[in-house]
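**Q** Sending over a structure as structure tokens; questions will come in a sec.
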Amino acid sequence: MWQIEKVRSTDELLDGLSPAQSRAVTTDAAPLCIIAGAGSGKTRVLTRRIAYRASTETLDPNHTLVLTFTRKAAGELRSRLRNLEIREGLAAGTFHSVAYAQLRARWTEKGMAAPKLLNKPLAVFARHLPRLPQPVLFDAMNELNWSRSRAIASSDYAAAAEAAGRRAPIALDRLTNAFDAYAADKKKRRLIDFDDLLELALRDLTSDAKYADTRRWKYRHLFVDEFQDVNPLQHKLLEAWRGDRPDLCVVGDPDQAIYAWNGAEANFIRNFDRHHDGTTVRLGTNYRSTPQILRRAERVLLPIDANRIPASAFQPEGASPLDYAHADDRAEAAAIARLVRDGHPPGSLWSQQAILVRTNAQTALIQEALGKAGIPYRVRGGRAFLEHPTVASAIDMLQKSDVRLSTAIIDLRDLIDSNPSGPAAIDAAQHLDTLVRLASDQLDIDTRTSAAEFVELIESLIGGDSVGVRSDSVDISTFHAAKGLEWPTVHLAGLEAGYVPIAAATSAAARDEERRLLYVAMTRARETLTLHWAKKRTFNDRKSERAKSPFLAGFADVDPSEDHSEDPPSRPSQELREQHQSLQRPVIDMGSTLLTALYQWRADAARGANVEPEAVVGDEVLDAVAHTRPSTDEELAELACLSAIRRLRHGPKLLDIVAQS
């Protein structure tokens, strides 16, 4: 028997687990599927099971492989296992990283030079679809990735895509010819992409029985996290690694299957017993969310399966989620910013709150509203707004332009109108539209702004992934990027038909996935959940009437301007807010020298720009500066009434006036 050093005792490993969790950790069933719903302690159970089996000597860490879908998840698993005294030997990584390691070892054994790994395959793929607009090219690449993840040959793509309700972005023969040309081009130039890693690793295992036996000896005990996200190609590779051995344990939740659009196949976990002749154990308690949040989230899933067994909530009763209807998207963003400030009493952390949206294009208005309110934030996951390829291309055009911003806006609107149809094109148009709106806002401040000057301003305002500001900040995230995370307070924005469900979700299966995605977003909240939608939203400089998401049917909206007794317990009372403000703002004489100097400066600036004084900054800004007497830009940023753009433009002068008064 192998030697295991200092593994915790079985009693320690089972301490604090519920009966269902203990069964999942200790059962000797194999293959085993653990259905772990949102907040049910999935990672805890997975790591305890590995440690328990090591402690009972039914598993050798040196021959154990744990497969994940992100490097971060693999790192967290390793960290937790180290805390359970399993410090060496065990391998944990993504499907791609494990496959790549296998291939590198294989090439070294054969004395072969490794091919070059493509980090940006789109550039090579684009060679075979020349002059194709970028959004259409993205859609074409997505179809290639989908077909390969499903292990579908190019000759079978048309039938498979039709069966799945997918629409080819260009003529089928042109698309499939590009698939084949891309593959031939890579082979000729000895290039491989990420999907090649899985395909080549699978080929080696299925074509060389002796080699496959060696790999199966190395990894005798297999574990898979987030099994609902496995695609058919990954499943084939998993089975090739496993062979005919039963030692397989998978963990996941079919209610959180949200990647079918990317090729994932949730039926592998839904029908685990049939696929693997195994046993399924369910964890039915949610330890994260209050009963009110959990019941609201569970209701979203009922149309998918009216007979599903709902999870039970462990946490005590809390506040009911509130639905807020807003006049338009800007009012929505401003109202959320106010709720965030109200939910941040003295001594609390901004990082206890998150704002989640369906698409990355929605984050810009949220960022702008938080910036105006002086609230620190960061954009989590995915690409920051200005890093989106369409926006980055437009920004590059603006930087090189020597025209006024008003002229550049016309060019940007032409780009929006010229985009073809398709999911990527719609996404590109939404991002460009948001950029146009931000540019229009700047013109309201200064009509003489050049395109290049606007780029400098906007990059300072929302230019990075952690715009902001401080490490303690509100998270902004898409629903997809929020999966696996949690916060005490969550605000969901843009809950309208067209976003939730997304307009591209036309099939019943796609709409079901959109329901699961909303369920995932709702169950990120532990204590407080607010739901927001706008009655009007601006697209391409035109306001469009919007309807509340049909997934929220049956719940009444509330007026965001009212104070509600059901609001989160952490929300400070008006009296407490006023006490806090009184500590921050000394009472001053409204006829003071400082206030007079501020109003005189604004009048001079307005005459120079040929605008009304209020177009420079509002009275509330001057009053706030006079009250707080900020001495640094950081203190100036704390003023909720001063927008980030105006602070960048006028901040130095305001600080200079304060210093001289």
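Residue numbers (the numbering used here): 25 to 685. Just so you know, even glycine gets a beta-carbon here, dropped at the ideal spot from N, CA and C.
1. Would Val-69 pass as a contact of Leu-346 if the rule is Cβ separation under 8 angstroms?
2. Closest to Asn-310 by CA distance: which of Gln-45, Arg-214, Glu-109 is it?
3. Compare the beta carbon distance of Leu-660 and Tyr-623 with 8 angstroms and say whether it is the shorter of the two.
4. Here's the rule I'm using: 16 or more other beta-carbon atoms within 10 Å means buried, otherwise exposed. How should Leu-196 be labelled?
5. Helix, strand or coil: which one does DSSP assign to Pro-593?
6. Any chance you could list the alpha helix (DSSP H) runs of at least 4 consecutive residues sitting entirely within the segment 354 to 412, in chain order?
7. Between which residues of its own chain and Thr-230 is the CB-CB distance below 8 angstroms, once the five residues before and five after are set aside?
8. Applying the 10 Å Cβ sphere with the 16-neighbour rule, what's the burial state of Asp-420?
9. With a 10 Å radius around its C-beta and 16 neighbouring C-beta atoms as the bar for buried, classify Trp-241 as buried or exposed.
10. Work out the CA separation of Glu-289 and Glu-538 for me, nearest whole Å.
11. By the 10 Å Cβ neighbour count, where 16 or more other Cβ atoms means buried, how is Gly-113 classified, buried or exposed?
12. Going by C-alpha distance, which of Asp-496, Leu-509, Leu-542 is nearest Ala-517?
13. Who are the Cβ neighbours of Arg-73 in its own chain at under 6 angstroms, not counting the five residues just before and after it?
14. Three-state secondary structure (DSSP) at Glu-109?
15. Is the CB-CB distance between Arg-653 and Val-641 below 8 angstroms?
16. How would you write the range of the alpha helix (DSSP H) that Val-544 sits in, first residue to last?
17. So for Gly-276, helix, strand or coil by DSSP?
18. With H, G and I counted as helix, E and B as strand and the rest as coil, what does DSSP make of Ile-612?
19. Can you have a look at Asp-253 and say buried or exposed, based on whether 16 or more other CB atoms are within 10 angstroms of its CB?
20. Just how far apart, CA to CA, sit Asn-291 and Val-324?
21. Which residues bound the alpha helix (DSSP H) around Phe-292?
22. My output table needs one value for Asp-247: the three-state DSSP class, helix, strand or coil.
23. What does a CB cutoff of less than 7 angstroms around Asp-457 pick up in its chain, not counting 5 residues either side in sequence?
24. Please classify Gly-367 as buried or exposed, where buried requires at least 16 neighbouring CB atoms within 10 angstroms.
25. With distances taken from CA atoms, which of Thr-656, Gln-316, Ala-476, Arg-266 is nearest Ile-681?
26. To which residues of the same chain is Pro-596 closer than 6 angstroms at the C-beta, ignoring the five residues directly before and after it?
27. Closer than 6 angstroms by C-beta to Val-427: which residues in its own chain qualify, once you throw out the five before and the five after it? Chain order, please.
28. Between the Cα of Ile-500 and those of Arg-191, Arg-106, Ile-379, Leu-519, spot the shortest distance and give me the residue it belongs to.
29. Got a sec, what are the start and stop residues for the alpha helix (DSSP H) Thr-652 sits in?
30. For Gly-117, does the three-state DSSP call read helix, strand or coil?
31. Could you check where the alpha helix (DSSP H) with Val-324 kicks off and where it finishes?
32. Could you give the residue range of the alpha helix (DSSP H) that holds Glu-167?
33. Where Gly-99 and Asp-643 are concerned, what is the direct C-alpha to C-alpha distance, given to the nearest angstrom?
34. Could you check how far apart the C-beta atoms of Gln-377 and Thr-513 are, in whole angstroms? I think they sit under 8 angstroms.
35. Just to confirm my understanding: we take Ser-531, look at its own chain, exclude 5 residues before and 5 after, and list those with CB closer than 6 angstroms. What are they?
36. If you count every other CB in all the chains shown that lies within 10 Å of the CB of Pro-20, and 16 or more means buried, which is it?
**A** Put simply:
1. Reading the sequence shown from its first residue, position 45 is the one you call residue 69. Reading the sequence shown from its first residue, position 322 is the one you call residue 346. Going by C-beta atoms, Val-69 is not nearer than 8 angstroms to Leu-346.
2. Counted from its first residue, the sequence shown places residue 310 at position 286. Of the listed residues, the one whose Cα sits closest to Asn-310 is Gln-45.
3. Translated into positions along the sequence shown, residue 660 becomes position 636. Translated into positions along the sequence shown, residue 623 becomes position 599. The Cβ-Cβ distance between Leu-660 and Tyr-623 does not fall below 8 angstroms.
4. What you label residue 196 is simply residue 172 of the sequence shown in a count that begins at 1. Exposed: under 16 other Cβ atoms inside 10 Å.
5. By 1-based counting over the sequence shown, the position of residue 593 is 569. With a pLDDT of 38 at Pro-593, under the threshold of 50, the predicted position of this residue should be treated as unreliable, though the coordinate-derived value follows. Here Pro-593 carries a coil assignment [DSSP, helix/strand/coil].
6. Runs of the alpha helix (DSSP H) inside the segment 354 to 412: 387 to 396.
7. Mapped onto the sequence shown, residue 230 falls at position 206. Cβ neighbours of Thr-230 beyond the five flanking positions: Ala-236, Ala-264.
8. As a working note, residue 420 is residue 396 in the sequence shown. Burial call: exposed.
9. Sequence index remark: in the sequence shown, residue 241 carries index 217 (1-based). Trp-241 comes out exposed.
10. As a first step, residue 538 must be located in the sequence shown, where it is residue number 514. As a first step, residue 289 must be located in the sequence shown, where it is residue number 265. Roughly 15 angstroms separates the two Cα atoms.
11. Position 89 of the sequence shown, counted from the start, is the residue given in the question as residue 113. That one is exposed.
12. If you number the sequence shown from 1, residue 517 lands on position 493. Checked all of Asp-496, Leu-509, Leu-542; the closest Cα to Ala-517 is Leu-542.
13. Against the sequence shown, residue 73 aligns to sequence position 49. Once the five neighbours on either side are set aside, the close Cβ partners of Arg-73 are Val-49.
14. By one-based count along the sequence shown, residue 109 stands at place 85. Note: Glu-109 maps to coil in three-state DSSP.
15. Residue 653 sits at position 629 when you count from the first residue of the sequence shown. Residue 641 sits at position 617 when you count from the first residue of the sequence shown. For the 8 angstroms CB-CB criterion, Arg-653 and Val-641 do not form a contact.
16. As a first step, residue 544 must be located in the sequence shown, where it is residue number 520. Its alpha helix (DSSP H) spans residues 532 to 546.
17. On the sequence shown, residue 276 is found 252 positions in, with the first residue counted as 1. DSSP, read as helix, strand or coil, puts Gly-276 in strand.
18. Mapped onto the sequence shown, residue 612 falls at position 588. Residue placement at Ile-612 is flagged as unreliable, the pLDDT there being 35, under the threshold of 50; the coordinate-derived value follows with that caveat. Here DSSP, grouped into helix, strand and coil, assigns Ile-612 to coil.
19. Residue 253 sits at position 229 when you count from the first residue of the sequence shown. The C-beta of Asp-253 has 16 or more other C-beta atoms within 10 Å across all chains shown, which makes the residue buried.
20. Taking the first residue of the sequence shown as position 1, residue 291 is located at position 267. Taking the first residue of the sequence shown as position 1, residue 324 is located at position 300. Near 20 angstroms, if we compare the C-alpha coordinates of Val-324 and Asn-291.
21. Within the sequence shown, the letter at position 268 stands for residue 292. Phe-292 -> alpha helix (DSSP H) spans 291 to 294.
22. Looking up residue 247 in the sequence shown gives position 223. In the sequence as presented, Asp is not what sits at residue 247; that position holds Phe. Three-state DSSP puts Phe-247 in a strand.
23. The residue labelled residue 457 in the question sits at position 433 within the sequence shown. If we look at Asp-457 and ignore the five residues flanking it on each side, its Cβ neighbours are Ile-440, Phe-563, Asn-564.
24. Position 343 of the sequence shown, counted from the first residue, corresponds to residue 367. In this structure Gly-367 is buried. Its beta-carbon is surrounded by 16 or more other beta-carbon atoms within 10 angstroms.
25. In the sequence shown, the residue the question calls residue 681 occupies position 657. Comparing Cα positions, the closest option is Thr-656.
26. Within the sequence shown, numbered from 1, the residue matching residue 596 stands at position 572. The pLDDT assigned to Pro-596 is 36, lower than 50, so where the model puts this residue is not dependable, and the model offers no usable value.
27. Position 403 of the sequence shown, counted from the start, is the residue given in the question as residue 427. Cβ neighbours of Val-427 beyond the five flanking positions: Ala-475.
28. On the sequence shown, residue 500 is found 476 positions in, with the first residue counted as 1. Ile-500 has its Cα closest to that of Ile-379, out of Arg-191, Arg-106, Ile-379, Leu-519.
29. Here residue 652 is taken as the residue at index 628 of the sequence shown, counted from 1. It spans 643 to 652 - the alpha helix (DSSP H) in which Thr-652 sits, taken as one unbroken run.
30. Translated into the one-based positions of the sequence shown, residue 117 becomes position 93. Strand at Gly-117.
31. Taking the sequence shown and counting its residues from 1, the one referred to as residue 324 is at position 300. Run containing Val-324: 315 to 325, per the alpha helix (DSSP H) assignment.
32. Position 143 of the sequence shown, counted from the first residue, corresponds to residue 167. According to the DSSP assignment, Glu-167 belongs to the alpha helix (DSSP H) that extends over 158 to 173.
33. Taking the first residue of the sequence shown as 1, we reach residue 99 at position 75. Taking the first residue of the sequence shown as 1, we reach residue 643 at position 619. Straight-line Cα distance between these residues: approximately 51 angstroms.
34. Walking along the sequence shown from the start, residue 377 turns up at place 353. Walking along the sequence shown from the start, residue 513 turns up at place 489. Contact flag correct, Cβ pair sits at about 4 angstroms.
35. In the sequence shown, the residue the question calls residue 531 occupies position 507. Cβ within range, chain order: Gly-189.
36. Look at the range of the chain in this structure, 25 to 685, and you will see that residue 20 is not part of it.
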